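Remarks on the structure that follows.
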Amino acid sequence: MKELYLLILNQHKKKMIFFFSLLFLLGGGVQFQTNYSNLASLFTIFLACIYCLYAWLNGTFTFAAPLDENSSGSDVFWRWVMIFMSFLLFIYAFLAPIYKL
915 MKELYLLILN
925 QHKKKMIFFF
935 SLLFLLGGGV
945 QFQTNYSNLA
955 SLFTIFLACI
965 YCLYAWLNGT
975 FTFAAPLDEN
985 SSGSDVFWRW
995 VMIFMSFLLF
1005 IYAFLAPIYK
1015 L
């Protein structure tokens, strides 16, 4: 898991920034198309994208130390959990206006 994270971080950083920026625009666009555009939902989508992007960009938050070759397995596991949970929050905020959740 550590090797995969470091590979993605080192070789695909610009692609990750583009991917999460595209997700934010897509989420906002879907909300405007379904006439569900309220500020709280757009803010939730924005924060979920930013949080996931910061988790990918290796240690921007003070509670998430940068990962490197010497990081333990639990550090890497919890970083993946942070990324996965923020992505799930984005998916929920993205699908909420479509399915009226």
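For any residue, its number in my numbering is found by taking its place in the sequence shown, counting from 1, and adding 914. The C-beta atom is built at its ideal place from N, Cα and C for all residues, glycine as well. No experiment lies behind these values; they were computed from the predicted model shown.
Locate the alpha helix (DSSP H) running through residue i, then write down its first and last residues.
| i | result |
| --- | --- |
| Leu953 | 953 to 970 |
| Lys916 | 916 to 925 |
Kindly indicate which three-state DSSP category residue i falls into: helix, strand or coil?
| i | result |
| --- | --- |
| Leu936 | helix |
| Asp982 | coil |
| Lys1014 | coil |
Decide if residue i is buried, meaning its Cβ has at least 16 other Cβ atoms within 10 Å, or exposed.
| i | result |
| --- | --- |
| Leu1018 | Because the chain spans 915 through 1015 in this model, residue 1018 falls outside it and cannot be assessed. |
| Gly943 | exposed |
| Pro980 | exposed |
| Leu1009 | exposed |
| Leu937 | buried |
| Tyr1006 | exposed |
| Ser1000 | buried |
| Phe1004 | buried |
Got a sec: does the ligand FMN put a non-hydrogen atom nearer than 7 Å to the Cβ of residue i?
| i | result |
| --- | --- |
| Ile922 | With respect to small molecules bound, the structure shown includes none, and the ligand FMN cannot be examined in it. |
Assuming residue i and residue j are in contact, meaning their beta carbons sit under 8 Å apart, how far apart are those beta carbons, in whole angstroms?
| i | j | result |
| --- | --- | --- |
| Ser988 | Lys916 | Actually they are not in contact, since the Cβ atoms of Ser988 and Lys916 sit about 11 Å apart, beyond 8 Å. |
| Ser955 | Gln945 | 6 Å |
Below 8 Å, how does it come out for the stretch 992 to 999 and the stretch 941 to 961: are there three or more Cβ pairs, yes or no? no
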